[in-house]
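Take a look at the structure below.
Protein chains: 2
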Amino acid sequence: MKRPTIADVARRAGVSKGAVSYALNGQPGVSEATRRRILAIAAEIGFSPSSAARALSGATAKAVGLALCRPARILGIEPFFMELISGVEGELAARSYALTLQVVADQDAEIAVYRRWWGERRVDGVFICDLRLDDRRIPVLEELQLPAVVIGGPGHTGSLPSVWSDDAAALVETVEYLVALGHRRVARVGGLPGLLHTEIRTRAFAEVCDRLGLPEATTVPSDYTGEEGARATRRLLSSAQRPTAVIYDNDVMAIAGLSVAQEMGLAVPGDLSIVAWDDSPLCQLVHPPLTALGRDIPAYGAHAARHLLAAITGEQISAFQDETAHLTPRGSTAPPRVR
Amino acid sequence: MKRPTIADVARRAGVSKGAVSYALNGQPGVSEATRRRILAIAAEIGFSPSSAARALSGATAKAVGLALCRPARILGIEPFFMELISGVEGELAARSYALTLQVVADQDAEIAVYRRWWGERRVDGVFICDLRLDDRRIPVLEELQLPAVVIGGPGHTGSLPSVWSDDAAALVETVEYLVALGHRRVARVGGLPGLLHTEIRTRAFAEVCDRLGLPEATTVPSDYTGEEGARATRRLLSSAQRPTAVIYDNDVMAIAGLSVAQEMGLAVPGDLSIVAWDDSPLCQLVHPPLTALGRDIPAYGAHAARHLLAAITGEQISAFQDETAHLTPRGSTAPPRVR
DNA sequence: CTGAAAGCGCTTACAG
DNA sequence: CTGAAAGCGCTTACAG
Chain C
1 MKRPTIADVA RRAGVSKGAV SYALNGQPGV SEATRRRILA IAAEIGFSPS SAARALSGAT
61 AKAVGLALCR PARILGIEPF FMELISGVEG ELAARSYALT LQVVADQDAE IAVYRRWWGE
121 RRVDGVFICD LRLDDRRIPV LEELQLPAVV IGGPGHTGSL PSVWSDDAAA LVETVEYLVA
181 LGHRRVARVG GLPGLLHTEI RTRAFAEVCD RLGLPEATTV PSDYTGEEGA RATRRLLSSA
241 QRPTAVIYDN DVMAIAGLSV AQEMGLAVPG DLSIVAWDDS PLCQLVHPPL TALGRDIPAY
301 GAHAARHLLA AITGEQISAF QDETAHLTPR GSTAPPRVR
Chain W
1001 MKRPTIADVA RRAGVSKGAV SYALNGQPGV SEATRRRILA IAAEIGFSPS SAARALSGAT
1061 AKAVGLALCR PARILGIEPF FMELISGVEG ELAARSYALT LQVVADQDAE IAVYRRWWGE
1121 RRVDGVFICD LRLDDRRIPV LEELQLPAVV IGGPGHTGSL PSVWSDDAAA LVETVEYLVA
1181 LGHRRVARVG GLPGLLHTEI RTRAFAEVCD RLGLPEATTV PSDYTGEEGA RATRRLLSSA
1241 QRPTAVIYDN DVMAIAGLSV AQEMGLAVPG DLSIVAWDDS PLCQLVHPPL TALGRDIPAY
1301 GAHAARHLLA AITGEQISAF QDETAHLTPR GSTAPPRVR
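The listed protein sequences correspond, in order, to chains C and W.
Quick note on the numbering used here: the first sequence kicks off at 1 and runs consecutively.
Quick note on the numbering used here: the second sequence kicks off at 1001 and runs consecutively.
See the structure below:
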């Protein structure tokens, strides 16, 4: 089947190709009646302008890029990215933008992808995830002047705009809640060290514990997998002064921690309270259901997409603060049992 | 920063644009020495050919499309798609193909996306997931002659090639295993009705139960969510002749079923054995760990990608049978406790 | 082996 | 308001 071109539409409408282009793009230069007729014909013969031709003649590629740098098993098990993508897509689809996805092995590969996309003019802009301290991607994107929105922060984004959520505040709220329940020995199983949001949470945890006069604010670093979450939990629960509450940096580790507690004969929440960051449906599937820090991730993605599209059209945008995660208490937290 | 074009490379190399094109694409027409020099210069100034220009001049778009038709919360919670995408990406990246992802609301929207992609020449081919009986997407893709690979089957793919796994065989193996353990009342919580693989499993379940002389092979339809899995489980466990073993069509429903059993005071596996289809890391996070039917999903995606790329280059390909899921027995299955 | 040129399908000033 | 034409950056026959 032959793809219809703008010339086919022009011929059938009895106008020039230029007129068709104006009509399609909502530009002045054609009468309203002609525009209607052209649009009707285009729809009738199933015409969509060639994205290549459009991109080549100076218009935009109508595509944005997302490079993800996580191994397959972590990517699969964390609902975060798919929920984010769903939200991004909603916003993009409304403007007929495509999302180009690439899974990369490391930061060098990711930077190479950005350079290639830029050279190929394949995307009009990109999202940056998993921001790091001194992130090497930032200066590259600044140099290329490729529109970009950082999903994360605050700060450490160079001159790039960002969409972020106040993790420090959410963590403080959580610790204060646990302390209000009567907990004094609170520990944390953290995400990958080096990621900005991990560091922000770690610092906030240390500060709030210090402020509230809690003994030692232990953060055990981990990598978001269930295995590591389980191992970290065993270590914490085997110590002489074991914690009565643990905060996990994602839901999968929290579920693994719950299993470990049960396997070690500790009652949840009687002997151990558990809080999960990222409130996915998984948290409500286990027994007891997990108290969790949640927020609307698809909406977060939608905001990021909206800002990226604005940046592409040349609007001057800066940092946007998304909602702060809120705590939903469920069965996994309670006052510590007196021993 | 200005993007380098083929003309920049040609100028610096002192050759024509045509020569640069030949050198870049490994075509004859330039000497080996010249080719090397051109490639070195291209690398030096960071030149990547414009994908738009390339696509416009008759070459391929160097992109394939994947449209996903599931709501955000299901998309997020099922590791399947992200694992599939990871595998697809590995194969695509090796050939510098991009993956264009689109989340759609329903089949009509999905079909519209295919027509648009085709008209825009945005992709060279597409993957089709979640095959249905009498799938309306098949004739559209045949009509458009857009290269496509169906991820699913066997059969019901019209003239399109497919990559599939023998779900019927896996289900039979599972039921036979449960019967060998001594189970007689086996039930199943199925996936979305209408999806081909759901129907294949349902039919295989009915047949094997009949062959082995088991009483009534009940399949309760569901939708892959934990809530529905829990509800279906409550219904099954509340019946007079409750099953002693349940097979779930995904891991999330199985985990929900485990919670329901515990909430109803039934021991797993003593009173109830549980088998999950899709052996994600989640299955090992719960207590007891779930016996599961698993296979290598990233590899499945890689095979699909390899076949799609072959179809795009015009190779004649047909159906490819991937490995059959195999059962990994864990703590959630055992002989039924005598009552 | 190399160079000059046409053409892919659009967009967008520029005349009418 | 409309038409003719240049140009985006490649690929690929066609001459030399």
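Heads up, the beta-carbon is just placed ideally off N, CA and C, and yes, glycines get one too.
Predicted model only: the values in this text are computed from it and were never measured.
Residue of W/GLU1263, W/GLU1227 and W/ALA1023 minimising C-alpha distance to W/SER1238 = W/GLU1263
Work out the CA separation of C/ASP135 and C/HIS156 for me, nearest whole Å.
-> 8 Å
Closer than 9 Å, CB to CB, is W/PHE1081 near chain C or not?
-> yes
Beta carbon of W/ALA1319 nearer than 9 Å to that of W/PRO1161 | yes
Which of helix, strand or coil DSSP assigns to C/VAL220 | strand
Expected contact under 8 Å - CB spacing of C/ALA13 and C/ILE38 to nearest Å | 5 Å
Do the CB positions of W/LEU1272 and W/CYS1283 come within less than 9 Å of each other?
-> no
Would you call W/GLY1194 buried or exposed, if buried means 16 or more other Cβ atoms sit within 10 Å of its Cβ?
-> exposed
Beta-carbon contacts of C/LEU192 that lie in its chain and below 7 Å, excluding the five residues immediately before and after = THR198, ASP223 and TYR224
Enumerate in chain order the residues of its own chain whose CB-to-CB distance from C/SER167 is below 6 Å, with the five nearest sequence positions on each side excluded.
-> A small fix is needed here, since residue 167 of chain C is Asp in this sequence, not Ser. Same-chain partners within the cutoff: HIS197, ILE200 and ARG201.
Selection of the segment 1136 to 1149 of chain W by Cβ proximity to chain C, strictly under 7 Å | GLU1143, LEU1144 and GLN1145
Contact set for C/LEU144: own chain, Cβ-Cβ below 6 Å, skip 5 residues either direction | TRP118
Can you give me the Cβ contacts of C/ALA302 inside the same chain, cut-off strictly under 8 Å, excluding the 5 residues immediately before and after it?
-> GLY87, VAL88, GLY90 and GLU91
Assuming W/SER1259 and C/VAL260 form a contact by the criterion Cβ under 8 Å, report the distance between their Cβ atoms to the nearest whole angstrom.
-> With 8 Å as the limit, W/SER1259 and C/VAL260 do not qualify as a contact, their Cβ atoms being about 18 Å apart.
Can you tell me whether DSSP reads W/LEU1066 as helix, strand or coil?
-> strand
For C/THR313, which of helix, strand or coil comes out of DSSP?
-> coil
When you compare each of C/VAL163, C/ARG3 and C/VAL338 to C/ILE317 by their alpha carbons, which one comes out closest?
-> C/VAL163
Going by C-alpha distance, which of C/THR333, C/LEU68 and C/SER21 is nearest C/SER48?
-> C/SER21
Thinking W/ILE1128 and W/GLY1158 are a contact (beta carbons under 8 Å), I'd like their distance in whole angstroms, please.
-> Rounded, the Cβ-Cβ distance is 10 Å, inconsistent with contact.
In chain order, what residues of the segment 287 to 312 of chain C put their CB closer than 7 Å to some CB of chain W?
-> HIS287 and PRO298
is_contact[C/VAL126, chain W] using C-beta, thresh 9 Å | no
Alpha carbon to alpha carbon, what distance is there between C/MET82 and C/ASP279?
-> 14 Å
Using a Cβ-Cβ distance under 9 Å, would W/GLU1323 count as near chain C?
-> no
What span of residues does the beta strand (DSSP E) with W/LEU1293 cover, start to end?
-> 1291 to 1294
What residues of chain C sit near W/GLN1284, judged by a beta carbon separation below 8 Å?
-> GLY226
Rounded to a whole number of angstroms, what is the C-alpha to C-alpha distance between C/GLY29 and C/ALA19?
-> 7 Å
Give the interface partners of W/THR1100 over in chain C, defined as CB-CB distance under 9 Å, in chain order.
-> ALA63, ALA98, LEU99, THR100 and LEU101
Closest Cβ-Cβ distance between W/GLN1107 and chain C: below 9 Å?
-> no
Cβ contact (3+ pairs, closer than 8 Å) linking the segment 64 to 74 of chain C and the segment 1052 to 1070 of chain W | no
Report yes or no: is there a C-beta of chain C within less than 9 Å of the C-beta of W/PRO1049?
-> yes
Range of the contiguous alpha helix (DSSP H) that encloses W/HIS1197 | 1196 to 1211
For chain W, find out if any of its Cβ atoms is closer than 9 Å to the Cβ of C/VAL20; answer yes or no.
-> no
Can you have a look at W/ASN1250 and say buried or exposed, based on whether 16 or more other CB atoms are within 10 angstroms of its CB?
-> buried
Leaving out five residues before and five after W/THR1218 in sequence, what residues of the same chain have Cβ atoms less than 8 Å from its Cβ?
-> ALA1187, ARG1188, LEU1236 and PRO1243
Would you say C/ARG121 faces chain W, with C-beta separation under 9 Å as the test?
-> yes
State buried or exposed for W/SER1051, treating a residue as buried only when at least 16 other CB atoms are found within 10 Å of its CB.
-> buried
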